[in-house]
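K.L.:
Got a structure for you, questions after.
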Amino acid sequence: MRVYINDIEYEIDRPMTILNFCKKQGIDIPSLCYDKRVLPNGACRLCIVEIEGYKNPVTSCLEKLKDGMKIYTHSEKIKSLRRQILDLLFSNHPNDCLNCDKSGKCKLQDYCYEYGIVSATFKNKESNLPIDRTNKFFTYDPNKCVKCGICVSICNNLQNSQAISFTGRGFDLIVETPFNKGFGNSDCVSCGNCVSACPVGALNPKKKYIEDKFRYWEVKRTQTTCSYCGVGCQMNLLSKDNRIVEIEPVNTIPNDGLLCVKGKFAYRFINHTDRLTKPLIKRNGKFVQASWQEAYRLIKEKYSKIMKENGPDAFGGFSSARCTNEENYLFQKFVRTVFKTNNVDHCARLCHASTVAGLANTLGSGAMTNSIEEIDGTDAFMIIGTNTTENHPVIGSKIKRRVKNGAKLIVIDPREIELAKYADVFLKIKPGSNIAVLNGIMNVILKENLHDMDYINERTEGFEEFKRTIEKYKPDLVSKICGIDKNDLIKAARIYAKANKASLYYSMGITQHSSGTNGVMSTSNLQMLTGNVGFESTGINPLRGQNNVQGACDMGALPTDYTGYQKVFIDPVRESMESFWKSNLPSKKGLTLTEMINSAGKGDIKFLYIMGENPMISDPDLKHVKKSLENLDFLLVQDIFLTETAELADLVLPASSFAEKDGTFTNTERRIQRVNKAINPIGQSKADWKIIMEISNLLGYEEYYNSPSEIMDEIALCTPSYSGISYKRLEKESLQWPCVGKEHPGTKYMHKNTMARGKGLFKAIEYEESKELPDEDYPLILTTGRMLYQYHTRTMTGKIEGLNEIAGKSYIEISPKTAKIYNVEDGEKIRVKSRRGFVESFVKITEKVEPGVVFMPFHYADGPANLLTNPVLDPIAKIPELKVSSVLIEKIERKSYV
Ligand SMILES: Nc1nc2c(c(=O)[nH]1)N[C@H]1C(S)=C(S)[C@@H](COP(=O)(O)OP(=O)(O)OC[C@H]3O[C@@H](n4cnc5c(=O)[nH]c(N)nc54)[C@H](O)[C@@H]3O)O[C@H]1N2
Ligand SMILES: Nc1nc2c(c(=O)[nH]1)N[C@H]1C(S)=C(S)[C@@H](COP(=O)(O)OP(=O)(O)OC[C@H]3O[C@@H](n4cnc5c(=O)[nH]c(N)nc54)[C@H](O)[C@@H]3O)O[C@H]1N2
Ligand code: SF4
Ligand code: SF4
Ligand code: SF4
Ligand SMILES: [Mo]
8 MRVYINDIEY EIDRPMTILN FCKKQGIDIP SLCYDKRVLP NGACRLCIVE IEGYKNPVTS
68 CLEKLKDGMK IYTHSEKIKS LRRQILDLLF SNHPNDCLNC DKSGKCKLQD YCYEYGIVSA
128 TFKNKESNLP IDRTNKFFTY DPNKCVKCGI CVSICNNLQN SQAISFTGRG FDLIVETPFN
188 KGFGNSDCVS CGNCVSACPV GALNPKKKYI EDKFRYWEVK RTQTTCSYCG VGCQMNLLSK
248 DNRIVEIEPV NTIPNDGLLC VKGKFAYRFI NHTDRLTKPL IKRNGKFVQA SWQEAYRLIK
308 EKYSKIMKEN GPDAFGGFSS ARCTNEENYL FQKFVRTVFK TNNVDHCARL CHASTVAGLA
368 NTLGSGAMTN SIEEIDGTDA FMIIGTNTTE NHPVIGSKIK RRVKNGAKLI VIDPREIELA
428 KYADVFLKIK PGSNIAVLNG IMNVILKENL HDMDYINERT EGFEEFKRTI EKYKPDLVSK
488 ICGIDKNDLI KAARIYAKAN KASLYYSMGI TQHSSGTNGV MSTSNLQMLT GNVGFESTGI
548 NPLRGQNNVQ GACDMGALPT DYTGYQKVFI DPVRESMESF WKSNLPSKKG LTLTEMINSA
608 GKGDIKFLYI MGENPMISDP DLKHVKKSLE NLDFLLVQDI FLTETAELAD LVLPASSFAE
668 KDGTFTNTER RIQRVNKAIN PIGQSKADWK IIMEISNLLG YEEYYNSPSE IMDEIALCTP
728 SYSGISYKRL EKESLQWPCV GKEHPGTKYM HKNTMARGKG LFKAIEYEES KELPDEDYPL
788 ILTTGRMLYQ YHTRTMTGKI EGLNEIAGKS YIEISPKTAK IYNVEDGEKI RVKSRRGFVE
848 SFVKITEKVE PGVVFMPFHY ADGPANLLTN PVLDPIAKIP ELKVSSVLIE KIERKSYV
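Count along the sequence shown starting at 1, add 7, and that's the number in our numbering.
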C-alpha cells in the first residue's frame, strides 16, 4: 500500500491506524486519550486529520490506512478545529497550572501552549466537584478530568481490578467507584497504574510533605529494576537533590508499563531517616557509631583470632537475594577464597531450594521454563500454591487478562485467593496435600487416556514405575486426603489435559513443605504427562520471589555450587575455579542457611557474616534462631536498616540501597536486567560490592574492580549460562539466560528440543503427611505466607505510611466457624500458640480459609508468625515446613480493674 501524508509518499506493508503509523514516522498528532496498551476510543477527538475525498475530519486513532489515502495532519482547518476542542476542554478545566503537581507533565497544558490557547472562551459554570482523597497514595480531582477514559481502560483491561467505571454524559462524565464511595473504599489495589497513565492532573500521587514537592523539569530520570519481587518491573526513579521523589513505570518488557503498589508507591524507605549511615560497633551491649577504619580493624582482629583457633569451619556467610548479581558473586567468592569454606547460602533456602533441587533432578535446570510474555499464548493455567495477584501482581494481572480472553484456569490453594474467583475449578485443598491432589489429577488423566504418549516416549524416561505409583491415587482416596469434591478433581484433570497449551505456575505453596522437593517433582510429572514442557507458552513456572533470588542462586551463593550451578565437590570443576580465582578452594560441601543457624547454636560456627537478610523475622522457630545468633563469637550484619537481626550484631555495616548503585538483577524469567544508580549513597553507606571487595583485600585476598561492569565481565568468563552477558549488551536489551556467547540472543523458553538433562525424568512420588498434624493439644493447622501490601520483614514497606495504614498489624485469618468455636470476634486481639512459642495477633474472620485452618502473614515483628512455625526440614533441599504447623488459639482475658 502507498499513502500520502502531508504530501509525502509512504509505503506500508500491514494494516495500521493513521495515528499509529504517524507516531512511527515521528509525525506528532496530538491526543489525550491514546495509550498504545489499550484499545483506542476516539474520546478526545484531538487526533483528527483531514483525508482527501472525505467530507468530515476523522479521528486518526480509529481510522485505518487505505491504499492511496491522502492525509493532512496539520492543515489550517484541522489546527483551527483542534483549537476549538482545546478551548472547550480548557473552559471546563480549573485554571490551576500554577499550583497543579502535574504541571510540566500535563498533555493539556502542552497542547494549549502549542496551539496558543490563552484564555477560555466558553467558560460558563465553575465546576466544583469534591476531590476524592480516600486512597492512601493518590487523589482524584474530577474537575481536572478530561474524560479520556484511559484510567478506566487500564484498570479494567490491563490491571484487571475492575475498581472504576465512567458515569454521566458529556462534560458531566466522571470516573466512578462503586456506590460512589471513593477509590479507597473500592476494589482498588492502589497499583497506581491509572495514575501513571492519566494525561492531566486529575489522578495524582499525594504529596504529603514539603520534601515530596518537585517540578517535573527539575528531576533526573534513571531507569532501573524494581527491588521488591521477582517480576523485575522496569521503572524510572525520579530524583531531585539526592532524593527519590516519584516512580514512573517504563513501558517495556517485562511489565509493559504496569507496576504494583510497592513498586509505584513504596520508595520512601530509600531516603528514610532510619537508614544506616555509619558503621555501628557494639560496646557493652550498646551500639556506638564508628568509622569504616575502626570497623575494618575489628573485622580483621576477630577473623584472625577465630581462624587461628578454630579454622575455616567456624565461618559462614548469608548472601542476599536483595543484592545484585555482582554482589552475590563477590560474596560467595569471598567466603570461598577468604573464609576457605563453602558455608554460604541465602534466603532461597527458605523459598525455592526445593525447586532448584527438584527440577534439576527431573529436567536438568531449576528455573522458570517460560517467559512472562508467553502468558498471552497459554490456553489453560494451573495455579498451585501461588497467590499471584498479591505476590507477583503484574504477572497476576496478565494471567487475569488472559483468562478473561478465554483461557481456562484451575486454582489449587487452601485459601480462596483472588484468582480463585476467576477459576473454572478451584480445589480448596488441605495444606500439605499437594502431592495427593497432583497424583489424583494424573490418575484421572491416565485412566481417561488423556496423556501424551508420543511425547512421553520421545522425551522422557521412568514412565512405567511412575504409572504404577499413580494407580493408587483414585479420586475417592484423593478427595478424602485433600478435603475436596472428587468431581471437581476429575473436571480439573479433564480441562487441563485437553488444553492445547497448559502451563503450570507454582510458588511457596508447593516448595515450603517437608515434602517440598517431591512436590516440585510432581509438578514436572504432570507437565511431562500432558506433553507440556519445551514449547512456547507451556511449561513449569516456579515464580521466584525476591528481586534477585534467581540471580543469587545463579551466582553460586549456595553451599554446593559455584556460579551457573557448577558443583564444588566435582574435582575438575573445583580445580578450574581454583586456577580462575588463583586460590585453593574447599572441596567439602558447605552448610545450608538453616544448618548454619543450628551449627551456631551448637557453637561450631563462631563468625557469621550476614548481608541483606533478616532471619530474626524470616526464619522458622525464632526463639531458637535468637539463641543461636547470640551464641556466636562474632556476628557481622550488613544492611540498609538496623533490623531485628542487626540488633544482635557485634558490628553493623551500612549498605547502599538499589537506588544508589549499579549492577544487575535476574528476574523470575531468567532475565538479566540493569540496576542503575540514581542518587549518591546515603550518609557514609557504601555499595555492598565495594564493602565486600574492601574486606576481601583487608583479609588478604586481593581484588580490584572499578565498577560492577568489570565484575560482570569476570562472571561471564566463569559461568557458561552468563557467558554472553556484558553491560554493553544490557544497555540495549535485557537478556535471558542461558545466553552462551557474545552473539547468542538469550533463551525465551527452555528445553526446546531436549530437556537440559537429556530425557525428562518421571519420578514415582508417594504422598506423605506433613510432619506436625493437628491433635488435641494443637487442633488448628497454621499456614503462613504474605500479603500484597507488605514485603517480608517490613524493613522497607514498614517505613511506608500508606501501607501501614492499610495493613500495619499482625493478623490471623480464621473462618467464621472456627471463630464461633473459640468465641472470638473480628478485630479481637488473641493469643496463638504452638509447641515453639506464642504470639499475639488480631483476628480477621474470613471465608477465605476453611474451618480448622488458619493463616498468618509472617511480616510482622509485633506478632511474628515464625515464633510458631515448625523448623523441620525437607531432607533433600533442607527447606523448612513453613506452610504447615499446628497451633491453638486463646482469648486474652480482659484485665479486671476492680
Ligand atoms: N507483596 C509481597 N509480594 C512478595 C513477597 C512479599 O513478602 N510481599 N515476597 C516475595 C517472595 S520472596 C516470594 S518467595 C513470593 C512468594 O509468593 P507466594 O508463593 O505466592 O506466597 P505465599 O503467600 O507464601 O504462598 C502462596 C500460597 O500458597 C498457599 N498455600 C499454603 N499451603 C499450601 C499447600 O499446602 N498447598 C498449596 N497448593 N498451596 C498452599 C497459600 O494459601 C498462598 O495463597 O512472593 C514474592 N512477592
Ligand atoms: N513463616 C514464614 N517464613 C518465611 C516465609 C513464609 O512464607 N512463611 N517465606 C520465606 C521466604 S520465601 C523468604 S525469601 C524469606 C525472606 O527473608 P529475608 O530475606 O530475611 O527478608 P527480607 O525482609 O527481604 O530481608 C532482606 C534484608 O535485606 C535488606 N536489604 C535490602 N536491600 C539491601 C541492599 O541493597 N543491601 C543490603 N546489604 N541489604 C539490603 C533489607 O533491609 C532486609 O533486612 O522469608 C522466609 N520466611
Ligand atoms: S490504582 Fe490500580 S486498581 Fe486502583 S483504580 Fe487505578 S488502576 Fe484500578
Ligand atoms: S482521570 Fe485522567 S485518565 Fe481518567 S478519564 Fe480523567 S483524565 Fe483520563
Ligand atoms: S510486581 Fe514486583 S517487580 Fe513489579 S512493581 Fe510490584 S513488587 Fe516491583
Ligand atoms: Mo522467597
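Idealized CB from N, CA, C, for every residue including glycine.
1. Indicate whether residue 473 and residue 625 have their beta-carbon atoms separated by less than 8 Å.
2. Leaving out five residues before and five after residue 94 in sequence, what residues of the same chain have Cβ atoms less than 6 Å from its Cβ?
3. How many Å lie between residue 28 and residue 8 at the Cα?
4. Just curious, the beta strand (DSSP E) that residue 642 is in, first and last residue?
5. If we call anything under 8 Å between Cβ atoms a contact, is residue 547 one with residue 366?
6. CB residue 446 to CB residue 529, shorter than 8 Å?
7. Can you tell me whether residue 401 is helix, strand or coil according to DSSP?
8. Using CA atoms only, rank isn't needed, just tell me which of 252, 241, 663 is closest to residue 216.
9. Alpha carbon to alpha carbon, what distance is there between residue 244 and residue 691?
10. Just verifying my parser: in three-state terms, what is the DSSP assignment at residue 840?
11. Considering only their Cβ atoms, is the gap separating residue 870 from residue 847 smaller than 8 Å?
12. Whose beta carbon lies closer than 5 Å to any heavy atom of ligand 5, going through the chain in order?
13. In chain order, which continuous runs of the beta strand (DSSP E) of length 3 or greater are located wholly inside the region 412 to 481?
14. Using 8 Å as the threshold, is the C-beta distance between residue 658 and residue 321 below it?
15. Do residue 623 and residue 613 have their CB atoms nearer than 8 Å?
16. Could you give the distance in angstroms between the alpha-carbon of residue 432 and the alpha-carbon of residue 43?
17. Please list, in chain order, all residues of the same chain as residue 684 whose beta carbon is under 8 Å from its beta carbon, the five residues on each side excluded.
18. At a threshold of 7 Å, does residue 157 count as lining ligand 4 (C-beta to nearest heavy atom)?
19. Just checking residue 647 against ligand 2 - is the residue's beta carbon closer than 7 Å to any of the ligand's heavy atoms?
20. In chain order, what residues of the same chain have a beta carbon less than 8 Å from the beta carbon of residue 798, not counting five sequence neighbours either side?
21. Confirm, please, whether the CB-CB distance from residue 715 to residue 343 is below 8 Å.
22. When you measure from the CB of residue 552 to every non-hydrogen atom of ligand 6, does any distance come out below 7 Å?
23. In this structure, does DSSP put residue 256 in helix, strand or coil?
24. Can you tell me whether residue 875 is helix, strand or coil according to DSSP?
25. Which word fits residue 35, buried or exposed, when buried means at least 16 other C-beta atoms lie within 10 angstroms of its C-beta?
26. Would you say the beta carbon of residue 280 comes nearer than 7 Å to a heavy atom of ligand 2?
27. Roughly how many angstroms separate the alpha carbons of residue 382 and residue 541, rounded to a whole number?
28. Using C-beta distances below 6 Å, list every residue in its chain close to residue 817, excluding the 5 sequence neighbours before and after it, in chain order.
29. In the structure shown, what three-state DSSP assignment does residue 221 receive?
30. Measuring only from the beta carbon, is residue 182 closer than 7 Å to any heavy atom that is part of ligand 4?
31. Could you tell me the alpha carbon to alpha carbon distance between residue 537 and residue 505, rounded to whole angstroms?
32. Go ahead and pull the three-state DSSP assignment for residue 603.
33. Quick one: what's got a C-beta closer than 8 Å to residue 700's C-beta in the same chain, skipping five residues either side?
34. Please find out if some non-hydrogen atom of ligand 4 comes closer than 7 Å to the beta-carbon of residue 45.
35. When you compare only the Cα positions, how much space is there between residue 617 and residue 364?
36. Shortest alpha-carbon distance to residue 220 belongs to which of 753, 732, 279, 106?
P.N.:
To lay it out plainly:
1. Against a cut-off of 8 Å, the Cβ pair of residue 625 and residue 473 comes out as no contact.
2. Only 124, 128 meet the Cβ criterion.
3. Distance from the CA atom of residue 28 to the CA atom of residue 8, rounded to whole angstroms, is 13 Å.
4. From DSSP, the beta strand (DSSP E) with residue 642 extends over 641 to 646.
5. For residue 547 and residue 366, yes; Cβs fall inside 8 Å.
6. Yes, these two residues count as a Cβ contact at 8 Å.
7. Reduced to three states, the DSSP call for residue 401 is helix.
8. Of 252, 241, 663, the residue nearest in Cα terms is 252.
9. The C-alpha of residue 244 is placed about 21 Å away from the C-alpha of residue 691.
10. Secondary structure at residue 840: strand, using DSSP grouped into helix, strand and coil.
11. Residue 870 is positioned such that its CB atom lies closer than 8 Å to that of residue 847.
12. Sorted by position in the chain, 233, 235, 236, 238, 240, 266, 267, 269, 270, 400, 401 make up the residues whose C-beta lies under 5 Å from a heavy atom of ligand 5.
13. Taking only runs of at least 3 residues, the beta strand (DSSP E) segments lying wholly in the region 412 to 481 are 415 to 419, 432 to 434.
14. Taking 8 Å as the cut-off, the Cβ atoms of residue 658 and residue 321 do not count as close.
15. Here residue 623 is not near residue 613, since their CB atoms are 8 Å or more apart.
16. Distance between the alpha carbons of residue 432 and residue 43: 34 Å.
17. Excluding sequence neighbours, residue 684 sits near 229, 666, 667, 668, 669.
18. The answer is yes for residue 157.
19. Residue 647 has its CB nearer than 7 Å to a heavy atom of ligand 2.
20. Only residues of its own chain outside the window of five on either side were considered, and among them 235, 236, 269, 273, 804, 866 have a CB closer than 8 Å to the CB of residue 798, listed in chain order.
21. Between residue 343 and residue 715, the C-beta spacing is not below 8 Å.
22. Yes - ligand 6 has a heavy atom lying nearer than 7 Å to the Cβ of residue 552.
23. Of the three classes helix, strand and coil, the one that applies to residue 256 here is strand, per DSSP.
24. Three-state DSSP puts residue 875 in coil, outside helix and strand.
25. With a 10 Å radius around the Cβ and a threshold of 16 neighbouring Cβ atoms, residue 35 comes out exposed.
26. Relative to the non-hydrogen atoms of ligand 2, the Cβ of residue 280 never comes closer than 7 Å to any of them.
27. Roughly 15 Å separates the two Cα atoms.
28. Result list for residue 817: 848, 867, 869, 870, in chain order.
29. It is coil, neither helix nor strand.
30. Yes.
31. Residue 537 and residue 505 have their C-alpha atoms spaced approximately 9 Å apart.
32. Three-state DSSP puts residue 603 in a helix.
33. Exclusion of the five residues before and after residue 700 leaves 337, 710, 711, 712 as the residues of its chain whose Cβ lies within less than 8 Å of its Cβ.
34. No - ligand 4 has no heavy atom lying nearer than 7 Å to the Cβ of residue 45.
35. Approximately 24 Å between the Cα atoms of the pair.
36. If we check each option's Cα against that of residue 220, 106 comes out closest.
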